[in-house]
Amino acid sequence: MATAAIPGSETTGTGAAPRGKKQKLSRDIIEQAAITVARSEGFSALSIRSVAKVLGVAPMALYTHVKNKEELAEHVADALLGSIDTRTLGALTWQDRVRTLLRAHRDLILKHPEITPYVAATSAQPGPGSTRYSNAVTGVLTQAGFQVEPAQELYFTLMTYNYGSAVTAAVSTAATNNLLKYNEGLSVILAAYETRMTRPALGLVESMRGRLRFGRK
């Protein structure tokens, strides 16, 4: 799944064609404009019409390059995931490097909660953004001494935990307390995997059910 590069601070303007010059469309240009919409107006504002407006073209012009909004949204969600800073500060312990990456992922979901189903839809065939992020997390784990299979199991456990905690945080009125619970739960997962590296992820989640009480009193 080819995803356009993430625009940074060097991006200028709205992406619309210069006055008097017809915009030549391509898939990359459309995806860049879609990322602009998601970043400036929120992922929920993403649509064929909103992207066409940024580009200064008729909405129908986009369908030559993308099938529908859902396909475009999957690419944008993947690009946003790939925009997470994966530099994990080598001086930190492996646990703190994982925490840094996981918190950045959770912050992204909290900022753009609508990306969750689109990221999940591409899990079978991850795009470059998702691959970059997962490689960063599992890379920290394998460098810490985990074998490949337990590292992958821990990664998927952490992703499930992150999505669940973000959903809880989105509807919680006690954000500070929710973050404390998130940190506590994350520590439980990391500690459990450190001592039981070969145990399947589902077994770990089941064994920790009573200790991970997000949003419960």
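Residue numbers (our numbering): 71 to 287.
C-beta: ideal position from N, C-alpha, C; glycine also.
Query raised in the report: So, is tyrosine 231 buried or exposed, given that buried needs 16 or more other C-beta atoms within 10 angstroms?
Result: Reading the sequence shown from its first residue, position 161 is the one you call residue 231. Classification of tyrosine 231: buried, given that the 10 Å Cβ count is 16 or more.
Query - Pair within 7 Å by beta-carbon distance, threonine 156 and alanine 122 - result: Here residue 156 refers to the residue found at position 86 when the sequence shown is read from its first residue. Here residue 122 refers to the residue found at position 52 when the sequence shown is read from its first residue. Going by beta carbons, threonine 156 and alanine 122 fall outside the 7 Å limit.
Query raised in the report: What's the gap between the Cα of valine 136 and the Cα of glutamate 144?
Result: By 1-based counting over the sequence shown, the position of residue 136 is 66. By 1-based counting over the sequence shown, the position of residue 144 is 74. If you take the alpha carbons of valine 136 and glutamate 144, they lie about 11 Å apart.
Requested in this report: Evaluate leucine 171 with the Cβ neighbour count: other Cβ atoms within 10 Å of its Cβ, from every protein chain shown; 16 or more gives buried, anything less gives exposed.
Outcome: To locate residue 171, count along the sequence shown from 1; it is residue 101. Buried, since its Cβ has 16 or more Cβ neighbours within 10 Å.
Query raised in the report: Given that a residue counts as buried once 16 or more other Cβ atoms are within 10 Å of its Cβ, and exposed if not, what is glycine 197?
Result: Here residue 197 refers to the residue found at position 127 of the sequence shown. Burial check for glycine 197: the Cβ neighbour count within 10 Å reaches 16 or more, so the residue is buried.
Report task. Measure the Cβ-Cβ separation of serine 96 and valine 107 and say whether it is below 7 Å. Result -> Taking the sequence shown and counting its residues from 1, the one referred to as residue 96 is at position 26. Taking the sequence shown and counting its residues from 1, the one referred to as residue 107 is at position 37. Contact: no.
Query - Of the residues Arg167, Met229, Leu211 and Ile100, the one placed nearest threonine 186, counting alpha carbons only - result: Numbered from 1 along the sequence shown, position 116 holds the residue referred to as residue 186. Looking at the Cα atoms, Met229 is the closest of the given residues.
Query raised in the report: So what's arginine 119 in DSSP terms, helix, strand or just coil?
Result: As a first step, residue 119 must be located in the sequence shown, where it is residue number 49. Note: arginine 119 maps to helix in three-state DSSP.
Query raised in the report: Of the residues Trp164, Arg176, Leu151 and Thr212, which one's Cα is nearest the Cα of arginine 109?
Result: Here the question's residue 109 lines up with position 39 in the sequence shown. Among Trp164, Arg176, Leu151 and Thr212, the Cα nearest to that of arginine 109 belongs to Leu151.
Query raised in the report: Considering only residues of the same chain and omitting the five flanking positions on each side of threonine 163, which have a CB-CB separation below 6 Å?
Result: To locate residue 163, count along the sequence shown from 1; it is residue 93. Same-chain partners within the cutoff: there are none.
Requested in this report: Out of Gly255, Met130 and Lys139, state which residue places its alpha-carbon closest to the alpha-carbon of isoleucine 105.
Outcome: The sequence position of residue 105 within the sequence shown is 35, counting from 1. Restricting attention to Gly255, Met130 and Lys139, the CA atom closest to the CA of isoleucine 105 is found in Lys139.
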